[in-house]
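In the UniProt record's numbering, the protein residues as written are 1 to 1175. For glycine and all other residues, C-beta sits at the position ideal for the given N, C-alpha and C.
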Amino acid sequence: MQRFIIVFLLAWSFISCKKEKTIFELITPDRSGIYFSNTIVESDSVHFFNFPYIYSGGGVGVADFNNDGFSDIFFSGNMVSSKLYINKGGFTFEDISENAGITTHQWASGVSIVDVNQDGWKDIYLCFGGDVDAKNRTNKLFINNGDLTFTESGETYGIADDGMSTQAAFFDYDRDGDLDLYIMQHANESYAQVSKLETFKDGKGPSTDRLYENMGINSVTGHPLYKNVSDSAGITVEGYGLGLAILDINQDGWPDIYVANDYIGNDLLYINNKNGTFTNELGDYLKQCSLNGMGIDIADINNDALPDILVLDMLPEGNYRQKTMTAKMNYEYFKRTLQNGFSPQFIRNTLQINRGADADGKYSFSEVGRLTGLYQTDWSWSPLIADFDNDGLKDVYITNGFRRDITNQDFIEYTDQSNLFVKGSGELAINSLLKRLVNLDSICLPNYMFANKGNLHFEDETTAWGMDQPTMSNGSAYADLDNDGDLDLVVNNLNASASIYKNNTDQLNNTNKSVVVKLLGKNGNMEAIGAKITATLPDGSVRYYENYPVRGYMSSSELGIHIGLGSNRKIDSLKITWPDGKEEVGTNISAGTKLDFQYGKNRVVPSKAMLENKHIFNEVTTQINTLYLHKDNVAGDFRHEPLLLQQYDNNGPGLAIADINGDGYKDFYIGGGRGQKGTFFIQEDNGAFGSKILADSDFYEDMGALFFDADQDDDLDLYVVSGGSSVKYFEKGHYQDRLYYNDGSGNFELAEDALPKIESSGSTVTAADFDKDGDLDLFIGGRIVPGKFPTAPRHYLLENLKGRFYDVTSQLAPQLNSVGMLSAALWTDFDNDGDSDLIVAGEWMPITIFENTGSSLKKQEVENGLNTYKGWWNSIVGCDIDLDGDIDYIVGNLGKNNFLKATEERPIRMYVKDFDNNSTLDAIITRYIGEMEYPIAPRRALIDQLPIINKAFPSYREYAEADIGRILETFNTDDMVVMEANYFSSAYIENLGNGKFSLTALPIEAQFSPVFGFEIGDFDADGYPDVIGVGNNSQMEVISGWNNTSKGFYLSGDGNGNFRAVQGGKSGFLIEGEARALAGWVTDRSRFLIASVNSDSLRVFKSDLDSEVSRFPLRPDDVWANIYYNNGVKSKFERYLGQGYLSQSLDDMLISPSMDSVVIYNRAGNSRSINLPNQ
C-alpha cells in the first residue's frame, strides 16, 4: 500500500508540473531544424549614426515552393544570407538555400512571393537596401525552376530595381489580367533630410516609390517584361516607406495602394483612377495617422464587410519607456507641420475603421486604436490580422523590438551636446559616443497577441496563449504549416533564432472550426491576387477578405483564405469577386473543408441593377442656402499652461432656432468666433434662407445662444454667452454676455443694462420659470477662468424682473458657485413634482442635480446613482427614453478612444496648488499605468511649468522611475486640492424614480470621440426614441493626439433603453470635423437637423416625416405633456429652452396613430387635452 501511494504521488507530481498546453507552442530550432538568425554586428564603419536602419531587420515569405501541399519558409537576411527551408511535415524543415541558389550577400529586406511567370511554381522577389552603392542593392527575382532550384532573373524581367527598396507587391493595377509590381523605397538619408518640413512631389525624391507595369509576354524571352511607369502613373510623392498594402479602399473594383511612411512624411494612399494613373488622396479618407509608420495590415477586423487599416508605430506600454522616450509636447512644431501640409500624425499605432460610403459614395474612416487597446506595443514592426483561434473574430499579432534604445532622451541629450563627426571626414569625432551607443539597452520584449472579443474590444493574450518570449522581432507571416485548419506563425528575429509558433487550436477547441479556400484564377493571375471573398454564415454574420499575400512588414503570408467559423458548422454562401469583376458563388460549405475555388467553374452571380440607397437623412445645406463658414482664432492655451490636456478657445459655436420675425417660418442664429460676427439665417417663403449679421458681435467668442421672450412683449429676444480663453482677463468686457431685444420684426438691439456684470468665460444658457412668477429666468454656466485652470468659474442664476436680470445665485443657489467647470445645463422636472430642477454637466465632476425646493436650488447630496461617475461631461438632453412616464437623459462625455483609460479603481487625478509660489496654479495630472500612478506630463513639459523638477530629477531615467508620490515629495502639499475623473463613456441615464438613476454606456460607436451635440426623436418611425450625436475635438495635447474620429452617430432605440448603431452610410447622417451644437425643427412633412462645426462649414440635414405622423405646434408657455398610448403606456414630454450642447431646438410635438390622448401643461400649471387626428 505504501508503495502504491508513493507511485501515485510521483505520477501526480509529474502531471501537475507538466506545462499546460497553450494555443501557441514555440517550436525550438532543435526540433524544427530552423536555425536562421538575422544577426547584426555593429562596427566603427557600420552603425546607427551612418546607417539608421541597421536594426530594422528582415522579412518572411511563406509558400509551397515544391507543390507538395506543405508551406515552406523563406527568410531575408541583412548581414547574413537569406535562407529557404522546405517543410518536411511535423514541423521539421530542411535548409536547401545553397542548393536552391538563393543565397544572398547584400542587405536583403522585403519578401514578395508570387508566381511571376505563371508556370505554376512560386517565385521569390527580394528587395535590397543598405548603405551600399546602387549596383550592390539591385532587387532580385528568383524564378522557381520546379526542381527546388531558382534562377535569378531580375534583370531579364526588367525589375532589377536599384533603389533602396523596403518591400514590393504584385497586383493587377490596370485590370488587364496580368500582375504589375509596386516597389516601396526608403533611401538612407540623414535625419535632417528625412525630418524636413517639405515633401517632394515631382518624383525626384530619392525615397519615391516605383511602379512597374507588366507589358505582357516578351516574344523573345517567353516571359513577362516590366516597364517603369511611375511618373506617367502619378507615383511621384516622396515617402519613407516601411509598410505596404494593396486594397480596394473605395470598393470600386480597382486596387489602391497604401504606403506607411516613417518620420514626418505623410503616409500615401494612392487611389486608382481606373485609367492607369493614381492620385494620392490620404487626407480625403483619413483624419490622422501614425507618425512613424512601420508595418501595415488591412483586413475586415469587425466583420462589417469593409476593409480596415492597422498601421504600427513605436509607443511603449510602460511608464519607464514612455517617459525616457518623450521630452515634451512640442505644440508649436506640430502646428508648423500642419501649416506645411502634413497630416495630423501621432506616435502610436492607428486602427482606421471603415465607416462606409456617404451619399456621394465617398468612404471615410475613424481611427480607434486607443479605444481598442491596440495603440501601444512599443517599437513595433509587423501587424497581422487573422482569426488565430477560429472563433470567427480576427485577432491581431504584433512584432516588436529594437537593438539599441536610441530614443532614450538621456542619450539624445548627450549626443546633442557632442560634435558627432570630424568635419569633412564622416568619422565619429568622439569615440566614447559610439561606445555609449553600443552600451544602450536593447528593446527586447515579447511580441503581442491580441484576441478579438468583438465590438472593437481586444484583450492582450500574449502570455495566456504561450507567446511571452522576449525577442527583437521584425517580419512575420502566417500559414497553416501542418494543414490542421489553424494558422501558425513564423517570425524573423534580430540576433536570435527565428520563432516558429505551432497553433494548437485544432487540438484545444473542438468547437471552433474553419474553412480554407484556395483560389484558382485565370492565366496571367493564376493565384487570383486581388480577388474578394464574402462568406455569409448561418448566424447572419459576414466574413470579408481581399486576396493579397504582402502583409505586415517586409513579409508575405500564405495565399489562400482562412475563414474562422466559431460555432457555425458551415458557410451558407461564399461569394468570390474575381479581379476582373466577375462574381461566382458556392453554397453550403461544411466546417473543416479545404476548398479549391476555380474561376469559371461555379454558379455565376447575375449582375444586379444598382438600387437607389434611400437614406433616413439627406444633406440639404446648399439647397436651402445655409452656407456658412465658422472662423475661430488659433488657440494658444498650451503656450501659457503647458500641463493642459486640452485647450478651451475653440468650443463654439452655439445654435438657436426660433421664428424671429413672426412669419411662421423657422429661423436660426449661429455664433461667431472671436473676430467674426454672429449670423441670423431667416427662412423665406420658398424654404431657402437669407442671412444677416449681428452687429458689433465680433468682439466676443460666441458660445451658447437662446431665443426667449425676455421682456414679455410676445416676440423672441436673443441671449448670447461669451466664452473662449484667448483673453486672460475680464476687465475689458470680452466675457460679458449679451441680451438683444427683438423689435418684433427680427431686428435686434443690444440691451446694455439688462444684465449684471458677467465675469466668467461661459458655455451654456438655458431658461425656465424656476420661481413660477410667470416669466422666464436664466441659468448661465461658466466654463473656465482663462489662464487659471482648473479654477471653478462663476455660474449665474439670473432672475427676470420685467426684462432685466439680476444675479440671485448667492441667495437662491449658493452651492452653484463651487460646482465646477460646466459645459451644459438643463432645466427639467426629474422628480415629476411640477417644478423646474437644474441638472449640470462639466469637467472633472459628476452629473449634478440641483433640486427646486420652491424657494431655492439645493444640490442633491444623497447617493443617487450618478454621484460616483466623475467625467469630462459635455452635454445633456432629456427624453422619456423608456416610455415609463418620467424623463431620462442622454449625456455626452470624453468617450473611450483616448489614452486615459479612467476607471473607478484607477481614476485620473489632478493635484492642484501653486507649488512654486509664483502666483500661478500648477495642475499635475496623473493616470495609472499598471498598478502605479504617474504624472502624464513628460519631464521637459513639467520642467516648463515647475523648473524645480530639473533639479529634483536631473535625468529622464530618474523621472521615469518616479511615481506621483515621489514627485510630490518635491513640494509642500499643504492645502493641495485633488480632483479626479473615473468615467469617460457617453451614456444613457435611466430615471428610476424616487430620485434614483441608473447609468449605462451608449454603444461603442458613440465612444469614438468626445460627444457634444445631441438630438432625440423617433427618426425611423418605429415608435421609439432614437439618438443622434456629434462631436470631435482636435484641441487636445499632441503627444497622444486628437480626438476627432467621429463622423456623428445615429442610435436606433427600442423603447427599453437599448440602442443599436446604424451605419452612417445607411442613415445618411455623416459629419466630419469638430461638430459642436446640434439642433432641429420640424415642418408639416419634414424634419431638419442643423449642426455647427468649429472652424468649418455649417451642415443641415433633412428627413421626411412618416405619412401617419403629424406636427402639433406648441404654445409659447407650454412646458410639458403626458402622452397616453393605445397600448396603455404613458410617457412624458418636456419642452426645453436650451439643451444638449450650446443648442436650442424648436420642440413642436409629433403626433402618431399609436397615441390615444395628450395632456399639455403650461408654466402656470394649467392643462389642456388635444384632439388627436386618429380620434
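State buried or exposed for residue i, treating a residue as buried only when at least 16 other CB atoms are found within 10 Å of its CB.
i	result
Ile929	buried
Asn686	exposed
Asn59	The sequence as given places Gly at residue 59; Asn does not occur at that position. So Gly59 ends up on the buried side.
Tyr35	exposed
Ala695	exposed
Gly1073	buried
Gly871	buried
Ile948	exposed
Ala192	exposed
Asp391	buried
Arg1168	exposed
Val912	buried
Arg1085	exposed
With distances taken Cα to Cα, identify the nearest neighbour of residue i among the options.
i	options	result
Gln623	Ala63, Ala688, Arg639, Ser573	Ala688
Glu213	Gly530, Arg175, Gly241, Phe200	Arg175
Asn504	Phe388, Leu247, Ala260	Phe388
Gln301	Leu310, Met294, Gly295	This sequence places Ile at residue 301; Gln is not what is there. Closest by alpha carbon: Leu310.
Asn273	Ser232, Lys757, Lys287, Leu306	Ser232
Arg738	Lys732, Asn747, Pro756	Pro756
Phe51	Gln736, Thr22, Gly77, Ser190	Ser190
Gly89	Phe170, Asp267, Glu459, Asp484	Asp484
Lys677	Asp702, Tyr665, Ser726, Ala981	Asp702
Lys772	Phe24, Glu990, Gly1165	Gly1165
Phe730	Ala168, Lys140, Ile758	Ile758
Asp115	Glu94, Thr138, Asn66	Asn66
Leu26	Leu437, Lys122, Phe1101, Lys502	Lys502
Residues bridged to residue i by DSSP?
i	result
Tyr226	Asn214
Cys289	Gln345
Pro383	Ile398
Trp1081	Phe1088
Asp922	Lys913
Trp1120	Glu1134, Tyr1161
Ser1144	Rather than Ser, the amino acid found at residue 1144 in this sequence is Gln. Ala656, per the DSSP bridge assignment.
Pro935	Thr926
Lys859	Phe850
With a threshold of 6 Å on Cβ separation, who are the neighbours of residue i within its own chain once the five nearest residues in sequence on each side are excluded?
i	result
Asp405	Leu440, Asp441, Ile443
Ile347	Leu291, Asp313, Leu315
Leu629	Ser1097
Ala535	Arg543, Ile563, Ile571, Leu574
Tyr258	Ala245, Leu269
Gly1065	Gly356, Ala357
Gly373	Phe458
Gly1053	Tyr1024, Pro1025, Asp1026, Phe1059
Ala941	Lys328, Met329, Pro642
Ala751	Leu739, Tyr741
Tyr345	Sequence check: residue 345 is Gln here, not Tyr. Hits under 6 Å: Cys289, Leu291.
Which same chain residues end up closer than 8 Å to residue i when comparing Cβ atoms and leaving out the 5 residues on each side of it in sequence?
i	result
Ser818	Ala792
Thr166	Ser109, Gly110, Cys127, Gly129, Met184, Gln185, His186, Gly241, Leu242, Leu244, Met554
Val516	Asp480, Gly485, Gly560, Ile561, His562, Ile563, Thr593, Lys594, Leu595
Could you name the residues of the same chain whose beta carbon sits closer than 7 Å to that of residue i, not counting the 5 residues immediately before and after it, in chain order?
i	result
Ile6	With a pLDDT of 42 at Ile6, under the threshold of 50, the modelled position of this residue cannot be trusted, and the question is left open.
Arg957	Thr324, Asp410
Asn867	Pro846
Please give the ranges of any alpha helix (DSSP H) in the stretch 772-835, keeping only runs that are unbroken, at least 4 residues long and fully inside the region.
809-812
Counting only runs that start and end within the stretch 46-104, where is the beta strand (DSSP E) found for 3 or more residues in a row?
60-63, 72-75, 83-89, 92-95
Quick check on the DSSP output: what are the complete alpha helix (DSSP H) runs of length 4 or more inside the stretch 414-499, in order along the chain?
431-438
Runs of beta strand (DSSP E) wholly within the stretch 568-650 (minimum 3 residues, chain order):
570-577, 583-590, 594-598
So within the stretch 311-368, which uninterrupted alpha helix (DSSP H) runs reach at least 4 residues, ignoring any that extend past its ends?
319-325, 331-339
Going along the chain, which unbroken runs of the beta strand (DSSP E) with 3 or more residues stay wholly within the stretch 664-695?
667-670, 679-683, 689-693
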